[in-house]
Every structure is written in C-alpha cells, then in structure tokens.
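Protein chains in written order, with this note's numbering: chain H, 283 to 586; chain G, 283 to 586. Beta carbons are placed, not taken as given, at the ideal position from N, Cα and C, and that holds for glycine.
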DNA sequence: CATGGGTATAGATATTACCTATGACTTCTC
DNA sequence: GAGAAGTCATAGGTAATATCTATACCCATG
C-alpha cells in the first residue's frame, strides 16, 4: 500500500487553500513558512501529484489539489469527531453540550428538568438554544448544536431521533364555548371548529391539525407563541389545542379558560431527542433524553 | 482545540483490535511491541480515555475503544481514498482499474472497444468482472470494483450513474412467426405475445418487459445467456427482444432469425457507467464512459 | 513455582519536524 | 527600469519524537 499522508499535512493544505499563500497559511497554523513549504512538498511527493501552483502572488490549488482539499476536509472533521466521540464515551454528558429546544417545549419543560439534570450530570455545561424545528435541524447538520428536543413525527434527512415522552393535546376554549360543556372530546368534535393555532413554522400547528384529521385552522389569525395564543383564545377568537406539558406548567392558570382532555385513545405528539446522523454525541443525546423522561416521571408537574 | 491523534495511531489501534494482542498487532504493522504499546498509550492520553483493557491473555477494547475503532476505520478509509483520488486526478485512468460489466453487454461491447481504450489510455490496466447488476452494485459498495457498466434506469442507494449510450431493442423471432411479416413493429404489437427472456436477475429481462408495457414473459422457459436465448428462439420456443449492440456484434448471424426494429420512438435501454457515491475514481468512471461513447460513435459496428 | 504468554519500562538511536538564515524570483512602485 | 516588498525554495542546525533492543513485570496454568 502506498504511504499515507499525515493529518498534519492535510491540515496544512487546508490552511494553504484557505489563505492562498504559504506564508499566511503558515502563520495560521503556527509554523514557519519553510516548514509548511516542506510539508506541502512532501505531501505532493506522497500523492505523486502537484497540488499547488506556486506563483509570485501566492499559491493556487490545481484541480487535483481541489479534489484533495475536499477530501482532506472530510478526513479532518472525521478525525475531530473521533476525538469528541472518544471523550464523550469516556465521560458521557460532561463538558459543553449545546441543546436546541423548540419554543412550544422550552419554557415549560426546562424549568422543570434543568435542576435535576444538573444534579444528575454535574459536569455538564448545557447551552440552550430555542428555535423552530427546521432551524434546529439545520443547526444539527452544521454541527452548531449537539442535540435537539423536538416533536415527532418529523422526518428530515441526516437526522436521527429517539422518542422521549408522549405529550397529550388538550382542548382549550372560552367558558361560553359550545364544546366546553362536554367533559371529554373526540377528535371528530373538532370537524366544524376552525382552530386558532400558532403561525406557520411551528410544528405544533401541523401536529395539532394532524391530530384532528378533519379539522381546519383559522386562516385569518395565528399566534406567535403559546402565551399569546391563550390570550387570543381568552378574547373569544376561537378554540385551540394545547400540549399538556404547557398546561401543567401553568400556561392557563387564572386565565378563566376551559380545558378538556380527549377520550382515549388520546391524541398528542411525541417529544423526542434528535441528532445528526453519525454525530459523535448521539449516545449522549439518547442518555439525555432518557434522563429527561426519568425526571418527568419521578417529579410530577407542579401545575395547578 | 484539543490535540488530534495521528493516522499512525489510528492504524495501530485498528490492528490492535483486529489481533487482540499488542505483540501480534505490532507484528502486523511492522513495528515492535513496545512501539505499539507506547503509541496506544499516547493515543489514550490524547483522547483522555482508556481504550484498551490490558489482560494477561491479550488486550480487549473498552466500549470507548469500540467507538473509537469504528470511527478510526472510517478516517483511515477516507484517507486512503484521498490518496487514490489524488493519484487519479494527477494521472487519470492509469494504473489498475477494476470495471464490472453486465453479461448482456460484456461479450458484445468489450471486443469492440477494448483495443481503442488501450490505445487511448495506454497506462491503464483494466480488470474486468462480468456479473449481474445487483452483484456489481454490491461490489461497488464494498470497493471491490471501481466502476461498472450497467443498464439504466436502475436505482440503488449509494450508487451514482452517468449515461453513456442508448441501446435500442430489436424484435427477434423465427422466420415463420406471425410478426415477422411486418417491416417494423410497435411496442403494442407484443401485447399478445409472451416473450422468451433471460432468467430472473438479468436487468435485460426487466427492461424488455418495461419496453412493451403490456407485454408478458413466458413463465415456463428462461435463458441463462443471450446466446442460449437466440438458440431457444430459433427452435421455435418464442420471440424475444435483443439489444441492438448484441445483434450488431453478430449474435444472430447465420442463425436464420428475423430481426425487426421498432417504429420511432424506438424502445430500448440506456447503458451507463456507475460508481459508489463518493468514490475516489468517479471522475475516471465518467471519463471512461465518455471514451466508450466516443469509440462506439467513431468506429461503427462490424456486424452484418 | 516455574514457565510461557502477555504488557510496560528504560535507555540508546535514528528519524523527522521544525526553526533561522538566506537565496532566487515576481510584481509593484516611483 | 531600479529598488522595494512581496512571494516561495533551499540549506544547515537543533529539538522533538518515533522506534528499537533489552529487560522487568504480571498473571494464568500446568
């Protein structure tokens, strides 16, 4: 087998491509220009190909160099991932961990589980980011976050998920609403009732519509958060579906709204943890999800 | 950023995992046991994790070690691919090149194009492998071959393709066959005619059936090669569709069979070159396909 | 408890990675 | 155009490290 290049050499040619000059690239990787020069030369010898065109105004990659560059980048990130995965495997859920959470979960879940999480994983530094599902998926793919709490089902390429807990939907309406007289509801009761929902982009909107297969949304109004949503319901703009987790967290306390569960089988959404396929921290993501499930089960809600 | 391991170290831990013992692994990578021992120790220091359980009867990877192993393998093959891609980019279509070809193309195409290919790419060493499409795809995915000539459309995960030329289907039957009286045929003429085809697994069978949307295959007989197929047609067992390339190559010469083209738009299959997605030699595969197309166009068939 | 299979340690040596100093060559500037 | 200011390449010395040999150690097993 022909000799392999060094990761160092790959790092060097990446820097060279990025800075377009031996001297500046050398500076960027903290070596002198002759060192980098020699390293690139040896890399070319190993590969048997000229990778760089040296000119008086800097260096430009040859087509072969571009091909190598692309693969070198891959090798480097894989190697970095290996380090992260190893550290994570050795001491799971320690160090910085960037977790994305969708806006219809974050404000209700986090206060409830963060203290216990910190207790269970004292070495973790959780960085939280609240955003819509699609943007969290982008962040996962671009490695800006390590994992995300989202609502399933949701299917996206390059993303894997692990179910954590089922979040039941509850019907909420003003007291004088026709359906508020019933103790429990069936999804079919909503066929004639245009629902007031969150604005487009919130997965809760889609999941709520899916829950009452025949239902529809009010097209004239939409809320930007669950808090504004309940206020809009209160002012008589319509009825809605709320996740139990938000209700348990006190979302409708002292609002004077009527809240009704659905007949079994209850409708709702599944909350799960998601990570980029192949992520170095997928095991930790699963562990974190399981820990949250545990915490939710042992410490029931402090709601009304 | 924390320090990266060396490719050498990754190679070492892969060998260690494969041999289960420092001494034997060291032998396998041509270093002494203390060298490998020290290297693994340093790798563990870099990753901050114990990767190997040292026992009196050898070494076993810890769970963290297993996680590292898997990624180390990936990094190593990516690095090897980089070398291959660089060499290929520097001097395309030179050195050993393993090409798979399906059985309904190989015997008719290769004699026609191999001499010209050798002339055009004098430094290439073509290793040919004749097999069914599915097995060629497996071989591509497992890196046992670099590219394959197959019939499209065919869709398989991890495989990319590039069209090379269109191979028209011709109708072939014994002289006394009812349809042999027509000068040209429409695909619909075959609705009532159960065709004699190759046995299952040959893509030509599926593509021929697809060509005459309403047609069907004889279920009692099937041929194992185009040569036996024409003999079976000759003995009156039925009619069939043959690729023009095979006819041009003399498949039915002196067989006394009637061969008819279809009305435009002609039916047929597309021949293309396929490679594993991300393969180091995809550019060469495309170049090879284009070269074959060229050769076929400039040097028309020597058939009847 | 000696033996044999295994790994770790110590010390010497060969390799190589890197630095400093300098040279050769372009391109821009006046 | 001559000089200045870039560029990359080369040479030679030094420090770091990769590797080897030799040996110590550890533990199962007969």
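| task | Taking only the alpha-carbon atoms, compute the straight-line gap between residue 555/G and residue 450/H and give it to the nearest angstrom. | result | 52 Å
| message | Contact criterion: CB-CB distance below 8 Å. Does residue 350/G meet it with respect to chain H? | response | yes
| task | Give me the Cα-Cα distance between residue 585/G and residue 391/G, rounded to the nearest whole angstrom. | result | Reliability of the predicted coordinates at residue 585/G is poor, the pLDDT of 42 falling under 50, and the value obtained from them is presented with this limitation in mind. Taking the straight line from one Cα to the other gives about 12 Å.
| Residues sharing a beta bridge with residue 449/H, DSSP | 551/H
| request: Check each residue of the region 365 to 384 of chain H: if its Cβ is closer than 7 Å to any Cβ of chain G, include it; give the result in chain order. | output: 365, 367, 368, 369, 371 and 372
| task | Taking only the alpha-carbon atoms, compute the straight-line gap between residue 338/G and residue 566/H and give it to the nearest angstrom. | result | 32 Å
| message | Looking at the secondary structure, which residues open and close the beta strand (DSSP E) in which residue 316/G lies? | response | Here residue 316/G belongs to no beta strand (DSSP E); instead the alpha helix (DSSP H) covers 315 to 329.
| Would you say residue 585/H faces chain G, with C-beta separation under 8 Å as the test? | Only weak support exists for where residue 585/H lies, its pLDDT of 42 falling under 50; the coordinates are left without a value.
| Would you report the Cα separation of residue 447/H and residue 459/H, rounded to the nearest angstrom? | 31 Å
| message | Tell me the DSSP secondary structure of residue 366/H in three-state form. | response | helix
| field | Run of the beta strand (DSSP E) containing residue 502/H, from where it starts to where it stops | value | 499 to 505
| said: Going by the DSSP bridge assignment, what does residue 406/G pair with across the sheet? | reply: 377/G
| field | Pairwise C-alpha distance: residue 457/G and residue 405/G | value | 48 Å
| From residue 359/G to residue 367/G, what distance separates their C-alpha atoms? | 12 Å
| Within the chosen definition, does the region 399 to 418 of chain H reach the region 526 to 535 of chain H through at least 3 CB pairs nearer than 8 Å? | no
| Listed by chain order, chain H residues near residue 337/G by CB distance under 7 Å | Result: empty, since nearest Cβ-Cβ is about 19 Å, beyond 7 Å.
| query | Could you check where the alpha helix (DSSP H) with residue 306/G kicks off and where it finishes? | reply | 304 to 310
| Which class does residue 426/H belong to by DSSP, given the choice of helix, strand or coil? | coil
| task | Check residue 584/H in the structure and name its three-state DSSP category. | result | Unreliable placement is indicated for residue 584/H, whose pLDDT of 49 sits below 50; the coordinate value is still reported in the next sentence. Correct three-state label for residue 584/H: coil.
| request: Report, in whole angstroms, the separation of the C-beta atoms of residue 479/G and residue 492/G, which I expect to be a contact under 8 Å. | output: About 12 Å; that fails the 8 Å criterion.
| message | Strictly below 7 Å CB to CB, what residues from chain H border residue 330/G? | response | 369 and 372
| request: Taking residue 305/H as the reference, give the member of 329/H, 341/H, 286/H and 330/H with the closest Cα. | output: 341/H
| said: Strictly under 8 Å for the Cβ-Cβ distance: is residue 508/G near chain H by that measure? | reply: no
| task | With a threshold of 16 other CB atoms inside 10 Å of the CB of residue 294/G, please say whether the residue is buried or exposed. | result | buried
| query | Going straight from the alpha carbon of residue 417/G to that of residue 578/G, what length do you get? | reply | 26 Å
| query | CB residue 318/H to CB residue 327/H, shorter than 8 Å? | reply | no
| Alpha carbon to alpha carbon, what distance is there between residue 384/G and residue 484/G? | 8 Å
| query | Does DSSP put residue 336/H in a helix, a strand or coil? | reply | strand
| Would residue 353/H count as contacting chain G if we go by Cβ distances under 8 Å? | yes
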